[in-house]
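A.B. asks: Numbering (the numbering used here), first residue to last: 17 to 214. C-beta: ideal position from N, C-alpha, C; glycine also.
1. Using the C-alpha atoms, what's the distance from residue 182 back to residue 176?
2. Judging by CA-CA distance, which residue of 187, 180, 199, 194 is the nearest neighbour of residue 94?
3. Give a yes or no on whether the C-beta atoms belonging to residue 109 and residue 47 are separated by under 8 Å.
4. Would you decide whether residue 44 is buried or exposed? Buried here means 16 or more other CB atoms lie within 10 Å of its CB.
5. Please identify the residue among 156, 152, 115 whose C-alpha is closest to the C-alpha of residue 136.
6. Just the C-alpha distance for residue 140 and residue 120, rounded to the nearest angstrom, thanks.
7. From what residue to what residue does the beta strand (DSSP E) around residue 212 run?
8. Let's see if you can read the secondary structure: which residues bound the beta strand (DSSP E) around residue 130?
9. Could you give the distance in angstroms between the alpha-carbon of residue 128 and the alpha-carbon of residue 153?
10. Residue 125 to residue 211, Cα distance in whole Å?
11. I'd like to check one pair, residue 205 with residue 173: are the Cβ atoms closer than 8 Å?
12. Just to confirm the assignment, what range does the alpha helix (DSSP H) spanning residue 30 have?
13. Please go through the stretch 131 to 201 and give each complete alpha helix (DSSP H) segment of 4 or more residues, from N-terminal end onward.
14. Look up residue 205 in the DSSP assignment and say whether it is helix, strand or coil.
15. With residue 178 and residue 184 assumed to form a contact (beta carbons below 8 Å), what rounded beta-carbon distance in angstroms separates them?
16. Compute the Euclidean distance between the alpha carbons of residue 134 and residue 149, then round it to the nearest angstrom.
17. Identify whether residue 38 lies in helix, strand or coil by the three-state DSSP scheme.
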C-alpha cells in the first residue's frame with residue numbers, strides 16, 4: 017500500500033465511513049482530481065495544511081457555493097465536502113460503483129443522462145489509483161486513531177464544529193462524544209480540555 021500521512025489516512029477513513037463510500041475510491045478520486053500525488057498532501061508543509069505545491073488543494077466538486085476559498089485549504093473541510101458529494105453519488109447509483117465515480121466528475125444528472133459514454137477514462141483512472149489504497153477499505157473508524165482538539169480561550173462547540181466540519185450546527189456530535197469531559201452543560205467548555213472529534 018502506498019504511504020499516507022497519518023492525517024490524510026485518518027481523515028479519509030473517517031469521512032468515507034461517515035458517507036458510506038469505500039476509502040480506496042475516495043482516495044483514488046482525490047488523487048485523480050488533485051492533479052498531483054495525494055500522498056504529498058500535508059507532507060510538504062510544516063503546519064499540516066491540506067495543500068502542496070502546484071494546484072494548491074484538493075479539488076472539491078460544488079465547493080463554490082458560499083465556501084470561502086481559504087477554508088478549502090483545510091483538509092477536514094475538503095475531505096468532508098468531497099466525501100459527502102461522493103456519498104450522494106453512491107446513493108444515486110447504489111448498484112453501479114462505476115456510475116457513482118463518473119457522477120463525481122460529471123454530476124449526478126450528467127451521469128444519469130450520459131452514463132459512462134463520455135467518462136470511462138476518468139472512471140478507469142480513479143479505479144487504477146484506488147487499487148493502491150485497497151487495504152484501507154478493511155479499516156473502520158474505530159480502528160483508526162481518534163483526532164482530538166484542545167479547547168482554547170474563546171472557543172465554543174459551535175466554533176469547533178465549524179472548524180472541523182464547516183457546519184457549526186454539528187456541535188452536538190462533539191458534545192455527545194465528550195459529555196464525560198464537558199459535563200451536563202455544553203456551553204461550559206474550559207480552555208485546556210481535550211475533546212475527541214468524532
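C.D. replies: Here's the rundown:
1. 9 Å
2. 180
3. no
4. buried
5. Here the closest residue by C-alpha is 115.
6. 13 Å
7. Run containing residue 212: 210 to 213, per the beta strand (DSSP E) assignment.
8. Note, residue 130: premise wrong, no beta strand (DSSP E); alpha helix (DSSP H) at 124 to 130.
9. 27 Å
10. 40 Å
11. yes
12. 22 to 35
13. 136 to 147, 173 to 181, 187 to 193, 195 to 198
14. coil
15. 4 Å
16. 26 Å
17. coil
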